[in-house]
Amino acid sequence: MSTLPVEVRNNTTNNTVWAYVSGYDIDNGNKLLFMAADGKSKYYPPSPPAGQTIQPVPEDCAIKLAPTGQSTVLAIPHIAGCRIWFSTNEKLKFFLNPGPSLVEPSCTNMEDPNINLNWAFCELTYNADQVFCNISMVDFVSNLPCALTLTTTTGRTDHVSGMSINGLANVCRSLKWQAAQDKQPWDKLIFNGPDGQPLRVLSPNNAMVRDPSLFRGYFEPYVNAVYAKHTGGVQLSCDTQAQWGVVHGTVNDDVLYFDGQNIKFPKPSTRDIFSCSTGPFADGSPEQMCIVPRLAAAFNRGTLAISTGGTSSQSSTIPDAAGPSSYYQYETCNHYARIVHEQLLDGRGYGFPYDDVCQTGGPDQCGAVYDSNPRLLTIEIGGNGAYCTPGAPGAPAQ
Numbered sequence: 020m021s022t023l024p025v026e027v028r029n030n031t032t033n034n035t036v037w038a039y040v041s042g043y044d045i046d047n048g049n050k051l052l053f054m055a056a057d058g059k060s061k062y063y064p065p066s067p068p069a070g071q072t073i074q075p076v077p078e079d080c081a082i083k084l085a086p087t088g089q090s091t092v093l094a095i096p097h098i099a100g101c102r103i104w105f106s107t108n109e110k111l112k113f114f115l116n117p118g119p120s121l122v123e124p125s126c127t128n129m130e131d132p133n134i135n136l137n138w139a140f141c142e143l144t145y146n147a148d149q150v151f152c153n154i155s156m157v158d159f160v161s162n163l164p165c166a167l168t169l170t171t172t173t174g175r176t177d178h179v180s181g182m183s184i185n186g187l188a189n190v191c192r193s194l195k196w197q198a199a200q201d202k203q204p205w206d207k208l209i210f211n212g213p214d215g216q217p218l219r220v221l222s223p224n225n226a227m228v229r230d231p232s233l234f235r236g237y238f239e240p241y242v243n244a245v246y247a248k249h250t251g252g253v254q255l256s257c258d259t260q261a262q263w264g265v266v267h268g269t270v271n272d273d274v275l276y277f278d279g280q281n282i283k284f285p286k287p288s289t290r291d292i293f294s295c296s297t298g299p300f301a302d303g304s305p306e307q308m309c310i311v312p313r314l315a316a317a318f319n320r321g322t323l324a325i326s327t328g329g330t331s332s333q334s335s336t337i338p339d340a341a342g343p344s345s346y347y348q349y350e351t352c353n354h355y356a357r358i359v360h361e362q363l364l365d366g367r368g369y370g371f372p373y374d375d376v377c378q379t380g381g382p383d384q385c386g387a388v389y390d391s392n393p394r395l396l397t398i399e400i401g402g403n404g405a406y407c408t409p410g411a412p413g414a415p416a417q
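Going by the numbering used here, the sequence shown opens with residue 20, and the numbers climb by one from there.
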């Protein structure tokens with residue numbers, strides 16, 4: 020199909036919900052693309068003149084969704100880097116820099132005109148080979164939960180549940196409880212709107228953009244214990260799940276080396292672990308960049324074996340063969356991601372950038388639907404009536 024039917028169902032309690040579709044047109048030189056307000060026509064925003072930055076997108080591309088309990092059908096062409104955005108009550112504002120380059124709504128910039136609006140998004144890639152769509156809490160937890168259902172021409176159905184309509188409130192409650200337990204600023208992730216009520220919960224990485232003092236020194240004791248464990252010949256084994264197979268690393272002079280001396284990881288900081296993309300996780304050879312997601316995920320999930328103490332679920336093998344049952348069991352871990360997964364009805368959805376890491380054949384954690392023979396993608400926005408398919412991969416034990 021040259022276009023993908025996307026049914027957007029308004030499961031909020033609000034009759035004023037807007038949608039936007041932005042991305043890059045695969046069939047037209049990867050030009051920046053919006054779907055127009057009719058949800059079917061393409062709109063290519065022009066580049067602002069050189070030197071003119073942060074210019075409003077000239078055309079209003081807001082797609083008015085049907086009232087509560089009803090659906091609107093979009094027709095989306097082959098597209099990469101796509102986000103399908105949603106907002107209630109007020110329209111989002113998008114801007115352009117020369118190129119054109121899209122300036123998306125920000126959850127960290129207090130000067131952004133969207134900062135106090137209620138908005139969310141899901142991510143989509145649709146090309147000649149397949150459709151891939153996922154929900155994500157890598158940036159924040161919204162008051163507009165998304166659920167996904169993909170039906171295929173072969174009769175297969177895949178469903179990602181998302182959170183219930185009370186998901187944000189439950190996340191806030193759990194973060195406050197965790198902050199009281201370990202005296203870490205998990206409650207500072209909560210961002211209140213102009214009415215003083217929680218509007219969204221920022222991920223630790225984004226919260227630290229706004230306040231770099233948060234979580235200072237949080238992961239460092241755990242990192243020190245992991246590196247101490249693997250000093251003196253004790254190996255940390257990583258299944259790259261690629262051409263390099265299983266590689267083994269040991270620590271020498273506070274540097275974790277794999278493949279002899281060819282690949283090295285100095286100790287990551289708290290910020291490096293939450294971001295998964297700075298410090299030793301920033302760049303490297305193809306083999307090193309295959310280890311990065313697995314090592315970063317293990318730190319976030321607290322599954323790496325340590326020198327003393329720890330839990331029986333911790334391991335010197337990554338990805339951990341025990342799977343999700345071993346995640347977030349150690350006291351020092353990404354409790355934001357833990358709480359996110361607890362509130363996702365089937366446990367599926369990105370809580371940090373490399374949340375798709377799992378053992379070969381293991382249950383999906385990232386909350387994606389994908390297939391090479393799509394018939395219809397359904398997005399339910401709002402969490403009202405959210406449900407979990409019995410036996411779904413990643414679903415909590417009953």
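Just so it is clear, CB atoms sit at the ideal spot from N, CA and C, and this is done for glycine as well.
Since this is a predicted model, take the numbers as computed values, not measurements.
Buried or exposed by the 16-neighbour rule on C-beta atoms within 10 Å, applied to residue i
| i | result |
| --- | --- |
| alanine 139 | buried |
| alanine 235 | Checking the sequence shown, residue 235 turns out to be arginine, not alanine. With fewer than 16 other Cβ atoms within 10 Å, it is exposed. |
| valine 36 | buried |
| alanine 78 | Note on identity: in this sequence residue 78 is glutamate, with alanine being the wrong assignment. So glutamate 78 counts as exposed. |
| lysine 248 | buried |
| aspartate 383 | buried |
| glutamate 399 | buried |
| methionine 54 | buried |
| serine 180 | buried |
| threonine 330 | exposed |
| alanine 166 | buried |
| tyrosine 389 | exposed |
| isoleucine 73 | exposed |
| asparagine 353 | buried |
| alanine 301 | exposed |
| serine 256 | exposed |
DSSP-derived helix/strand/coil call for residue i
| i | result |
| --- | --- |
| histidine 267 | strand |
| glutamine 89 | coil |
| alanine 38 | strand |
| tyrosine 355 | helix |
| glycine 100 | strand |
| serine 189 | The amino acid at residue 189 is misidentified as serine; the sequence shows asparagine. In this structure, asparagine 189 counts as helix in the three-state DSSP scheme. |
| glutamine 74 | strand |
| lysine 283 | strand |
| alanine 324 | coil |
| glycine 401 | coil |
| proline 217 | strand |
| proline 393 | strand |
| isoleucine 95 | strand |
| leucine 208 | helix |
| glutamate 361 | helix |
| cysteine 141 | strand |
| alanine 56 | coil |
| alanine 387 | strand |
| leucine 51 | strand |
| asparagine 319 | helix |
| isoleucine 337 | strand |
| phenylalanine 371 | coil |
Residues near residue i by beta carbon distance below 8 Å, same chain, minus five either side
| i | result |
| --- | --- |
| valine 359 | Met156, Val160, Val190, Gly368, Gly370 |
| alanine 416 | The pLDDT assigned to alanine 416 is 43, lower than 50, so where the model puts this residue is not dependable; a value taken from the coordinates is nonetheless given after this. None. |
| tyrosine 237 | Gln203, Thr289, Thr351 |
Presumed contact (8 Å Cβ cut-off) between residue i and residue j, rounded CB distance
| i | j | result |
| --- | --- | --- |
| proline 217 | asparagine 224 | Between asparagine 224 and proline 217 the Cβ distance is about 19 Å, and since that is not below 8 Å, they are no contact. |
| cysteine 152 | alanine 387 | 7 Å |
| alanine 99 | isoleucine 45 | 5 Å |
| valine 228 | threonine 127 | 5 Å |
| isoleucine 310 | alanine 244 | Not confirmed; about 20 Å, so no contact. |
| glycine 303 | isoleucine 282 | 7 Å |
| threonine 107 | leucine 163 | 7 Å |
Extent of the continuous beta strand (DSSP E) run through residue i
| i | result |
| --- | --- |
| valine 253 | Per DSSP, valine 253 belongs to no beta strand (DSSP E) and is neither H nor E. |
| valine 242 | Element bounds for valine 242: not the beta strand (DSSP E) but the alpha helix (DSSP H), 239-248. |
| asparagine 29 | 22-29 |
| valine 122 | 120-122 |
| valine 160 | 159-161 |
| methionine 227 | Counting along the chain, methionine 227 falls outside any beta strand (DSSP E), though it belongs to the alpha helix (DSSP H) covering 223-229. |
| isoleucine 184 | Taken as a continuous stretch (DSSP letters only), isoleucine 184 belongs to no beta strand (DSSP E), as it is neither H nor E. |
| aspartate 114 | A small correction: the amino acid at residue 114 is phenylalanine; aspartate does not occupy that position in the sequence shown. 114-116 is the extent of the beta strand (DSSP E) around phenylalanine 114. |
| tyrosine 276 | 274-277 |
| cysteine 377 | Per DSSP, cysteine 377 belongs to no beta strand (DSSP E) and is neither H nor E. |
| aspartate 177 | 176-179 |
| phenylalanine 151 | 150-154 |
| cysteine 165 | 165-171 |
Spatial neighbours of residue i in its chain, beta-carbon cut-off 6 Å, leaving aside the 5 residues before and after
| i | result |
| --- | --- |
| lysine 195 | Asp206 |
| serine 66 | Pro117, Gly118, Pro119 |
| threonine 91 | Val27, Leu84, Ala85 |
First and last residue of the uninterrupted alpha helix (DSSP H) at residue i
| i | result |
| --- | --- |
| phenylalanine 293 | 289-294 |
Residue i CB to nearest heavy atom of the ligand NAP below 7 Å
| i | result |
| --- | --- |
| leucine 121 | Here there are no bound small molecules, and the ligand NAP is not part of this structure. |
Residues near residue i by beta carbon distance below 7 Å, same chain, minus five either side
| i | result |
| --- | --- |
| asparagine 403 | Asn30, Thr31, Thr32, Ile184 |
| alanine 414 | With a pLDDT of only 47 at alanine 414, under the threshold of 50, the placement of this residue in the model should not be trusted; the figure read from the coordinates follows. Closer than 7 Å at Cβ, skipping near neighbours: Asp365, Gly366, Cys407. |
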